[in-house]
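K.L.:
Here's a structure for you.
Residue numbers (this note's numbering): 8 to 128.
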């Protein structure tokens, strides 16, 4: 536990908590928008969370040589997590391309300057 300073521990733990909150918020966004590709994105964030937890666990036990396998697992989960996020982002992009856009240029009305008061006076 003494391998890291208190401020560094605060950063590590708050980052893990922030990542958990982001996963939950993205899942909730998928529920609200009924866009299930966001569920996949939140699940794709899990390997990065495992990676962060591996790092915190290894540091908690003072970087014990007996737990060096956690470093390998952490690095592997980081690489795997980067690919899962890439794939999930691709599916979100592909889904956005297949839906008709509600705010396309064809559906928008031009903005008129009539009725706008001059606020400089």
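Glycine residues also receive a C-beta, built at the ideal position from the N, C-alpha and C atoms.
Quick one: residues in its chain with C-beta nearer than 8 Å to the C-beta of residue 20, no 5 flanking neighbours on either side, listed in chain order?
P.N.:
63.
K.L.:
Kindly list the residues whose CB is nearer than 6 Å to the CB of residue 10, restricted to its own chain and excluding five residues on each side of it in sequence; keep chain order.
P.N.:
Excluding sequence neighbours, residue 10 sits near 66, 69, 70.
K.L.:
The alpha helix (DSSP H) that contains residue 25, what's its start and end?
P.N.:
Taken as a continuous stretch (DSSP letters only), the alpha helix (DSSP H) holding residue 25 covers 13-40.
K.L.:
How would you write the range of the alpha helix (DSSP H) that residue 54 sits in, first residue to last?
P.N.:
Where residue 54 is concerned, the enclosing alpha helix (DSSP H) stretches over 53-67.
K.L.:
Using the rule of at least 16 other Cβ atoms within 10 Å of the residue's Cβ for burial, across every protein chain shown, is residue 40 buried or exposed?
P.N.:
Exposed.
K.L.:
Identify whether residue 110 lies in helix, strand or coil by the three-state DSSP scheme.
P.N.:
Unreliable positioning characterises residue 110 in this predicted model, as indicated by a pLDDT of 48, which lies under 50. The coordinate reading is nonetheless provided below. Residue state, collapsed to three classes: coil.
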